[in-house]
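Please read the structure below before turning to the comments.
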Amino acid sequence: MIPKLQVQSVFNLTPMQNGILFHELMDKESFAYFEQVSCTIDRTLDMTVLRKSLKILFDRHENLRGNIFYKNIEEPKFVVFKEKIPHIQFEDFSKLDDVECKLSVEQFLKKDKEKGFNLLTDDLLRISVLIMNDKSCKFVLSFHHIIMDGWCVDIVLKDLFEVYELLLKEKPVLLEPVSPYKGYINWLEQQDKEEALFYWRNHLSDIEEKSLLPSSLRNSSNNRYMLENYTMSLSEEMTEGLTELARKFRVTLSTVVHTLWGVLLQRYNNTDCIAFGSVISGRPSEIQGIENMVGLFINTIPLVVQSGISETFSSLLNKVHQNMINANEYGYISLADIQDVSPLKNNLIHHIMAFENFPGNDELDGSYEENFEVLDMDGFEQTNYDCTISVIPRKELCVKFSYNALAYKESKIKMIAKHFRRIAQQIIENPDIAISDMKIVSKEEQEILLKDFNRTAYEYPKYETVHQLFEKQVEKTPDHIAVRFEGSTLTYRQLNEKANHLARVLRGKGVEKNQIVGIAVHRSPEMMIGLLAILKAGGAYLPIQPDDPTERFNYLIEDSQTNLVLTQRHLKDELESRLGDVEIVSIEDELSVPVVNSVPNLDLDYHGSDMVYV
Numbered sequence: 136m137i138p139k140l141q142v143q144s145v146f147n148l149t150p151m152q153n154g155i156l157f158h159e160l161m162d163k164e165s166f167a168y169f170e171q172v173s174c175t176i177d178r179t180l181d182m183t184v185l186r187k188s189l190k191i192l193f194d195r196h197e198n199l200r201g202n203i204f205y206k207n208i209e210e211p212k213f214v215v216f217k218e219k220i221p222h223i224q225f226e227d228f229s230k231l232d233d234v235e236c237k238l239s240v241e242q243f244l245k246k247d248k249e250k251g252f253n254l255l256t257d258d259l260l261r262i263s264v265l266i267m268n269d270k271s272c273k274f275v276l277s278f279h280h281i282i283m284d285g286w287c288v289d290i291v292l293k294d295l296f297e298v299y300e301l302l303l304k305e306k307p308v309l310l311e312p313v314s315p316y317k318g319y320i321n322w323l324e325q326q327d328k329e330e331a332l333f334y335w336r337n338h339l340s341d342i343e344e345k346s347l348l349p350s351s352l353r354n355s356s357n358n359r360y361m362l363e364n365y366t367m368s369l370s371e372e373m374t375e376g377l378t379e380l381a382r383k384f385r386v387t388l389s390t391v392v393h394t395l396w397g398v399l400l401q402r403y404n405n406t407d408c409i410a411f412g413s414v415i416s417g418r419p420s421e422i423q424g425i426e427n428m429v430g431l432f433i434n435t436i437p438l439v440v441q442s443g444i445s446e447t448f449s450s451l452l453n454k455v456h457q458n459m460i461n462a463n464e465y466g467y468i469s470l471a472d473i474q475d476v477s478p479l480k481n482n483l484i485h486h487i488m489a490f491e492n493f494p495g496n497d498e499l500d501g502s503y504e505e506n507f508e509v510l511d512m513d514g515f516e517q518t519n520y521d522c523t524i525s526v527i528p529r530k531e532l533c534v535k536f537s538y539n540a541l542a543y544k545e546s547k548i549k550m551i552a553k554h555f556r557r558i559a560q561q562i563i564e565n566p567d568i569a570i571s572d573m574k575i576v577s578k579e580e581q582e583i584l585l586k587d588f589n590r591t592a593y594e595y596p597k598y599e600t601v602h603q604l605f606e607k608q609v610e611k612t613p614d615h616i617a618v619r620f621e622g623s624t625l626t627y628r629q630l631n632e633k634a635n636h637l638a639r640v641l642r643g644k645g646v647e648k649n650q651i652v653g654i655a656v657h658r659s660p661e662m663m664i665g666l667l668a669i670l671k672a673g674g675a676y677l678p679i680q681p682d683d684p685t686e687r688f689n690y691l692i693e694d695s696q697t698n699l700v701l702t703q704r705h706l707k708d709e710l711e712s713r714l715g716d717v718e719i720v721s722i723e724d725e726l727s728v729p730v731v732n733s734v735p736n737l738d739l740d741y742h743g744s745d746m747v748y749v
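Here the sequence shown stands for residues 136 to 749, numbered as in my numbering.
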């Protein structure tokens, strides 16, 4: 029980905080949402003054005095205390040689990360000072992402070092006041959740398939994580080219990068409509002083990139620009709530992109205060996604891939980065290029791919039938799209159940093992349903072109001794008049008979040597 006199404020968790808490409790061994920023300072620090400075920082920014309470209460709360006495860890490595000192710093950073945070009891931001020699030290800022986002790092460091300099010079500490966090919470609670859900339900209705990066090594349900980073920088010339493109079309550089990434994902997934996670700042401009608040304001929302027939990059860019504006307007609800109203639910987002355009990010190294040089700034950050793409706008645009090495090979990440660069070059040269004309591989790579794709030999269980192999795939990916035709789709589960339904109809009409069944259909979903149904019923299919002459029809029917033909509703009357005594079955008519429960697979004695078609 917390004494009430010690508590200043109690807040509901924001949507993002709720999401982080959920993942924290699901996997307490994970380093996700532990944040660590380290830098070298070209001077030693007065520890007494630094402690006083940190206390002023904690007094100034209320969220630094907060903890998350979630046990034995209906809803978790963010509790801000009236006062906290922060602690600074001090280590002296100055007596070690350069190699030993470097190793000791690395070991310290590793142990600091492994220590993590107890959300209930720890200060959720801590500072460590490691003395390197008599002229410099390593400054380490560690915090849990649940109390603040990356935007805040610059705010915290600027405030801390400014206060330190003022105290060191025995000057009064007079900083601009910061707005209370309560203003943001009040704004958040006034937003219309139902209106946002209505927007997202409509906005995501066309997303039917996962938008995946190529060649993952494992199923993402495995929670193990081995963080690796790969960074690619675009040249100053390319960066200026992308920036000029943004200026020309009156959009942000972030919009250009997000659109570029969307096109790449479309190509990887062979679809014109994809979605991926986009991190937004979440700082409403209408809240006074929001830009100087310390807290967790960011949120992850889906970004949909959908291109039309003959779409150009420039026209798609404008569509994505408007999408981002609209999506940001409804970016105040949790990703979990957004996913709930999407067709793919938890399979909607598989990686995220963060365009890190927060203040100070263009110059991570530099001077915070007079004679206060900050060098070699580095950090550790891990999300719960197997891949996070961080884009940092500098003179040379920096694209950082933070990925789970248990999910992606480094070679594939480098390949993705190369494809990103190649598309960037094409849109710089011609912003009006058609999406369909974009090339992600070079001519040399294309030759290699063609050879690989034509190497079709594949080991499979010879004792199993085609439809049994299909049924195994249904178990693995029931909700993936199996058939796409003129705007309509069938998932593996839907296709399987329809085929099972029709197979039972065929069995009821006397179809037996290795019996030949004709199928006269145009290219359509009914064709796939019919073929699978015949095989599931134990039969073998005889393909017949509906437009063939009657003489050929009769020859095929008589020669194969077929007495039953599957067809489509609009072809049934004509076939009945042409084929006389042969029974004609309309696939659509049979499937229109309602089925109360799901239709299981048939349990027949199949064998891989069974006849498939004639």
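Think of the CB as a built atom: it goes at the ideal place given N, C-alpha and C, for glycine as much as any other residue.
(request) Look at the alpha carbon of Ser577 and the alpha carbon of Asp472, and state the distance between them as a whole number of angstroms. (result) 41 Å
(request) With DSSP as the reference, label Gly715 as helix, strand or coil. (result) coil
(request) May I ask you to report which of helix, strand or coil DSSP gives Leu479? (result) coil
(request) Tell me whether Arg385 sits in a helix, a strand or coil according to DSSP, three-state version. (result) coil
(message) If I measure Cβ to Cβ from Ile719 and keep anything under 7 Å in the same chain, skipping five residues before and after, which residues do I get?
(response) Val700, Thr702, Lys707, Leu710 and Glu711
(message) Going by beta-carbon coordinates alone, are Val760 and Thr387 separated by less than 7 Å?
(response) Examination of residue 760 is not possible in this model, given that the chain is present from 136 through 749 alone.
(request) Could you check if Gly665 is buried or exposed, using at least 16 other CB atoms within 10 Å of its CB as the buried criterion? (result) buried
(message) In whole angstroms, give me the CA-to-CA distance for Asn635 and Ile669.
(response) 10 Å
(request) Note down, in chain order, each residue of its chain lying with its Cβ closer than 7 Å to the Cβ of Ile568, except the 5 sequence neighbours on either side. (result) Thr447, Phe448, Gln561 and Ile562
(message) Assuming contact is defined by CB atoms lying nearer than 7 Å, are Ser695 and Ile651 in contact in what I supplied?
(response) yes
(message) Quick check on DSSP: helix, strand or coil for Asp708?
(response) helix
(request) Using the Cα positions of Glu498 and Glu344, report the straight-line distance between them to the nearest angstrom. (result) Per-residue confidence for Glu498 stands at a pLDDT of 44, beneath the threshold of 50, marking its modelled position as unreliable; the derived number appears in the next sentence. Distance between the alpha carbons of Glu498 and Glu344: 39 Å.
(request) Write down the C-beta distance between Ala559 and Met373 rounded to the nearest angstrom, noting that I regard them as a contact closer than 8 Å. (result) 6 Å
(message) Which residues does DSSP list as the beta-bridge partners of Ser413?
(response) Ile436 and Met488
(message) I'd like to know whether the C-beta atoms of Trp396 and Met488 end up nearer to each other than 7 Å.
(response) yes
(request) Sort Gly376, Asp475 and Ala617 by Cα distance to Phe333 and report the nearest one. (result) Asp475
(request) Could you tell me which residues DSSP puts in a beta bridge with Ala167? (result) Its beta-bridge partners do not exist; DSSP assigns none.
(request) Would you list the residues sitting across from Gly514 in a DSSP beta bridge? (result) Val172
(request) Could you say which of Leu295, Ser420 and Gln581 lies nearest to Tyr319 if we only look at CA atoms? (result) Ser420
(message) So the candidates are Leu303, Asp738 and Ile282; which of them puts its Cα closest to the Cα of Leu431?
(response) Ile282
(request) Rank Leu737, Asp227 and Asn631 by C-alpha distance to the C-alpha of Ser239 and give the top, closest one. (result) Asp227
(request) Helix, strand or coil for Thr626, going by three-state DSSP, please let me know. (result) strand
(request) Please name the residue, chosen from Lys248, Asp284 and Glu241, that lies closest to Gln152 on a Cα-to-Cα basis. (result) Asp284
(request) Answer with buried or exposed for Asn631, where buried requires no fewer than 16 other C-beta atoms within 10 angstroms of its C-beta. (result) buried
(request) Tell me whether Asn268 is buried or exposed, calling it buried when 16 or more other Cβ atoms sit within 10 Å of its Cβ. (result) exposed
(request) Taking all protein chains shown into account, decide if Thr685 is buried (16 or more other Cβ within 10 angstroms of its Cβ) or exposed. (result) exposed
(request) Would you grab the beta carbon distance between Asp750 and Thr600 for me? Rounded to a whole angstrom, and I think it's under 8 Å. (result) As displayed, the chain neither begins before 136 nor continues past 749, which places residue 750 out of reach and without an answer.
(request) Give the secondary structure of Gln141 by DSSP, where H, G and I count as helix, E and B as strand, and everything else as coil. (result) helix
(message) Since Leu276 and Ile290 should fall inside the 8 Å C-beta cutoff, what is the C-beta to C-beta distance between them, to a whole number of angstroms?
(response) Not quite, the Cβ-Cβ distance comes to about 12 Å (not below 8 Å), so this is no contact.
(request) Compare the C-alpha of Asn337 against each of Asn461, Val308, Gly251 and Tyr543 and name the closest. (result) Asn461
(request) Give me the Cα-Cα distance between Gly154 and Val440, rounded to the nearest whole angstrom. (result) 24 Å
(request) Following the continuous beta strand (DSSP E) through Asp227, name the residue where it begins and the one where it ends. (result) Ile223 to Asp227
(request) Evaluate Phe620 with the Cβ neighbour count: other Cβ atoms within 10 Å of its Cβ, from every protein chain shown; 16 or more gives buried, anything less gives exposed. (result) exposed
(message) Can you list, in chain order, the residues of its chain with a C-beta nearer than 8 Å to that of Gln143? Leave out the 5 residues immediately preceding and following it.
(response) Glu197, Arg200, Val215, Phe216 and Lys217
(request) Look at Cys272 and Thr179 and say whether their C-beta atoms are less than 7 Å apart. (result) yes
(message) Alpha carbons only, please: which of Ala167, Asp181, Ile220 and Leu255 is nearest the one belonging to Asn207?
(response) Leu255
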